[in-house]
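Working notes, beginning with the structure itself.
Residue numbers (the UniProt record's numbering), protein chains in the order written: chain F, 1 to 386; chain E, 1 to 171; chain W, 1 to 352.
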């Protein structure tokens with residue numbers, strides 16, 4: 001039914017606190033041009049453009065795809081703008097893939113970005129709304145109580161988050177595109193960093209970045225480029241409301257259902273065993289053990305043990321490395337962060353991940369979440385054509 | 001050939017957008033009672049859960065919440081965080097405690113401040129009570145309640161948080 | 001490719017200011033209406049949900065997240081959102097059905113733009129470096145376009161007034177319309193200019209509200225046992241952003257989309273055209289290749305009522321309604337987005 005599709009080109013910018021040297025369009029073009037070169041195609045070969053980003057208020061431009069149409073070579077083509085909160089990078093990849101998997105198009109360009117330096121992202125996330133008590137000190141303030149509940153339930157030692165923070169930064173030091181470059185980071189340094197939202201410390205939180213990520217997705221009969229394609233083996237999205245009575249916030253059902261769906265499509269029965277690596281949206285350190293459980297890599301209450309054993313660390317030779325690129329903890333242009341996960345999973349199975357390559361990776365997962373951990377987008381990509 | 005110029009890194013382009021918000025029908029009923037110093041939840045006709053503050057629907061069932069339920073001032077700490085950075089546009093001095101609290105009789109948590117407490121002693125399941133502003137300062141706003149403070153009552157077991165009747169908690 | 005049918009549609013009564021209601025309260029009645037048309041209990045009874053809205057109209061980041069509260073999304077649902085008119089949510093949903101990941105989809109669009117100053121808000125949609133700092137509002141841009149059409153003799157003020165007269169008259173039979181009634185061309189031409197050469201009556205109203213639709217495979221539509229209309233073609237195209245880089249007296253992207261959607265493949269009984277300004281209806285009618293046999297905007301179109309972020313979807317809904325009512329056999333629906341018709345979607349619907 002669904003046509004086979006593959007990632008044939010990937011382009012990313014270097015992620016930085018502030019890219020004052022380029023316009024928004026210029027930032028996107030850096031990623032797009034690299035993706036087109038990687039795929040060995042030109043704008044004329046692209047059938048449709050799918051763009052995603054987080055709230056327009058981050059840059060203060062309403063529906064910016066309007067103005068970006070020219071720079072993205074979209075004139076005369078279909079162009080679509082996706083917005084599903086923090087999961088938007090993943091959702092955009094899936095919507096782009098559906099343009100091909102539906103048999104409607106042969107080759108599409110997907111691109112996501114955030115130029116957070118153009119506004120105060122924390123303010124844009126926390127605009128005071130009348131009638132509501134305004135106590136929102138950024139996303140960390142929202143997620144910290146949920147993390148506290150995870151720690152209570154699982155009995156995890158206090159330093160699991162510290163361990164993740166160090167591990168992902170060491171991964172990021174292997175990735176020249178990563179925003180934070182902290183090759184000498186130590187657990188002591190993370191522990192000594194300022195407690196922002198107890199139990200989350202400064203170094204356990206993601207940075208705020210400018211950056212863009214683009215992909216070219218092709219139908220099986222239109223594969224181009226010299227590198228191997230990353231075949232899309234499954235893709236799924238799930239949503240649930242932000243708050244409802246009895247909501248399981250630590251391990252949201254939407255995440256579990258989404259994973260089950262994508263595993264079924266990809267023929268995965270034991271994620272830890274069947275997958276070679278994963279790029280999972282971990283903006284706050286403790287979300288690694290929480291998602292290890294939510295996504296079925298570990299049993300309930302057991303996720304933190306994988307982290308502590310080094311199972312998710314490339315440097316420790318772990319069996320299921322997570323976020324070899326450094327993850328969201330190293331680079332976080334919000335609208336692009338999900339697509340970076342999807343693209344980095346594809347880089348791994350293409351054998352094109354440079355110094356953070358997992359040797360022999362054949363099957364990898366990309367994951368994104370957003371809102372109050374209520375919107376999920378995931379895909380599994382493989383080196384083998386199904 | 002043109003001389004190499006420094007990049008233009010910004011232009012000033014002030015934008016002022018004015019919005020005239022309305023709360024919504026269900027929130028209006030809630031806010032009207034709140035101005036009178038009363039906390040009211042709204043019950044879902046399908047699943048019977050009580051929501052506060054109400055948004056107009058039970059998000060789980062997708063149906064309007066009509067029936068109003070008067071709630072008291074006592075609540076249980078579902079979880080919390082001690083925040084060390086300021087809230088943009090808010091005068092509260094860090095460190096302060098932001099908690100997810102469930103009022104007795106309600107089935108969902110809302111966010112408010114905890115104070116008159118030792119931050120390090122706050123814990124999940126703790127009983128707390130609303131501290132209101134002087135009545136002459138009441139408005140259509142949740143900050144009619146200054147904060148919640150600890151109560152001398154036994155802790156609520158975690159599995160019972162969110163299921164305490166309006167009549168209160170008895171261990 | 002799988003045939004896809006529209007099986008249910010509902011929209012709010014267009015009002016300038018919905019008053020006290022919030023977004024969830026705007027959406028829920030329309031969802032309930034489409035559930036009732038099909039005998040569904042909630043969004044759990046379809047395979048996919050997609051919505052269209054714009055944060056800036058409400059003035060709050062993540063405005064669409066509140067929309068999820070109207071769905072009853074417990075257990076979790078397959079759901080997505082476009083920061084566009086919901087006509088593009090329809091497009092995304094059709095891709096999902098075509099690829100076999102869904103047999104049915106619920107689509108909705110909503111906005112409550114009355115709290116803000118819409119022309120100024122939308123001026124921030126322009127190129128942030130050159131155009132937005134000028135606070136160039138959308139009515140002024142449309143007026144520039146109208147001036148070009150008038151000066152080139154492609155449209156006359158009388159023709160523009162005739163569009164408004166027909167819209168108001170057709171809207172008298174549309175219970176959701178905001179502006180309806182008998183007006184004369186002469187009376188309209190006697191009105192003063194608003195943003196010259198546009199008169200107030202040449203400009204659409206702005207309405208608060210929501211619209212919802214259910215689409216499905218033909219098999220699913222037949223299982224529901226309700227009348228349906230097939231979407232036999234759909235396409236959308238975008239143009240240059242800067243109005244100076246386009247020929248504003250034509251709509252090239254509409255022509256491209258119409259050709260790809262197969263508008264010319266048969267007689268068109270009715271067309272619902274998303275034209276926020278009277279001159280644009282004439283322009284779009286030509287770009288769509290529609291002749292005198294086609295009834296244009298039998299609902300009155302958006303000049304009679306304009307649900308921001310849902311008007312495009314509502315055009316598809318209006319064509320669907322008339323086809324299942326037997327008033328038309330084949331119809332065209334059009335949606336637009338961006339300054340001076342930058343981005344256009346065209347769908348062809350047919351009865352069975």
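Note that beta-carbon positions come from the ideal geometry of N, C-alpha and C, so glycine has one too.
Item, Value
"For residue 175 (chain W), the residue or residues it bridges with in DSSP", "Its beta-bridge partners do not exist; DSSP assigns none."
"Cβ pair residue 244 (chain F), residue 60 (chain E) closer than 7 Å", "yes"
"Length of the line joining the Cα atoms of residue 108 (chain E) and residue 102 (chain E)", "6 Å"
"Per-residue DSSP class, three states only, for residue 94 (chain W)", "helix"
"Residue 356 (chain F) beta carbon near the ligand NAP (any heavy atom closer than 6 Å)", "Inclusion of the ligand NAP in the displayed structure is not the case, the ligand content being empty and no account of it being possible."
"CB-CB length for residue 98 (chain E) against residue 81 (chain E), believed under 8 Å", "6 Å"
"For residue 210 (chain W): DSSP bridge partner residues", "W:110"
"Among F:46, F:94 and F:249, the one whose alpha carbon lies nearest that of residue 148 (chain F)", "F:249"
"Residue 344 (chain W) versus residue 308 (chain W): straight-line alpha-carbon distance, rounded", "15 Å"
"Contact with chain W by residue 61 (chain E), beta-carbon distance below 7 Å", "yes"
"Buried or exposed (CB count within 10 angstroms, at least 16 for buried), residue 175 (chain E)", "Here chain E comprises residues numbered 1 to 171, so residue 175 (chain E) is not present and cannot be evaluated."
"Nearest to residue 208 (chain F) (by Cα), restricted to the options F:117, F:48 and F:93", "F:117"
"Closest residue to residue 92 (chain W) among W:23, W:182, W:39 and W:4 (Cα-Cα distance)", "W:4"
"Within chain E, the residues that residue 40 (chain W) reaches when beta carbons sit closer than 7 Å", "Within chain E, no residue comes near residue 40 (chain W); the closest Cβ sits about 11 Å away, beyond 7 Å."
"At least three beta-carbon pairs within less than 8 Å, the segment 54 to 65 of chain W to the segment 39 to 59 of chain F", "yes"
"CB contact check: residue 197 (chain F) to chain E, cutoff 7 Å", "yes"
"The alpha helix (DSSP H) enclosing residue 294 (chain F), as first and last residue numbers", "287 to 294"
"Proximal residues of chain E, C-beta to C-beta of residue 366 (chain F) below 9 Å", "Per Cβ cutoff of 9 Å: no residues; residue 366 (chain F) is ~28 Å from chain E at best."
"Straight-line Cα distance separating residue 246 (chain F) from residue 43 (chain E)", "14 Å"
"The segment 280 to 294 of chain F touching the segment 366 to 377 of chain F, judged by at least three CB pairs closer than 8 Å", "yes"
"Under the three-state DSSP convention, the category residue 135 (chain E) falls into", "helix"
"Under the three-state DSSP convention, the category residue 233 (chain W) falls into", "strand"
"8 Å contact criterion, which residue 323 (chain F) and residue 171 (chain F) should meet: CB distance rounded", "6 Å"
"7 Å Cβ cutoff, residue 80 (chain E) in contact with chain W", "no"
"Straight-line gap, residue 198 (chain F) to residue 143 (chain F) (C-alpha atoms, nearest Å)", "10 Å"
"7 Å Cβ cutoff met for residue 233 (chain W) and residue 348 (chain W)", "yes"
"Three-pair Cβ contact test at 8 Å for the segment 137 to 152 of chain W versus the segment 66 to 74 of chain F", "no"
"Reference residue 50 (chain E), options E:32, E:163 and E:168, closest by Cα", "E:163"
"Short CB-CB distance (under 7 Å) between residue 243 (chain F) and chain E", "yes"
"Selected residue, minimal CA-CA separation from residue 439 (chain F), among F:329, F:336, F:266 and F:339", "Outside the modelled stretch of chain F, which goes from 1 to 386, sits residue 439 (chain F), for which no answer is possible."
"Those residues which DSSP pairs with residue 334 (chain W) across a bridge", "W:346"
"Cβ neighbour criterion (16 or more within 10 Å) applied to residue 150 (chain F)", "buried"
"Boundaries of the alpha helix (DSSP H) in which residue 150 (chain E) is found, first to last residue", "From DSSP, residue 150 (chain E) is part of no alpha helix (DSSP H) but of the beta strand (DSSP E) over 145 to 150."
"Own chain partners of residue 94 (chain F) with C-beta closer than 7 Å, once the 5 adjacent residues on each side are dropped", "235, 237, 377 and 379"
"For residue 309 (chain F), the three-state DSSP class (helix, strand or coil)", "helix"
"Reduced DSSP category for residue 79 (chain F) - H, G, I as helix; E, B as strand; rest coil", "strand"
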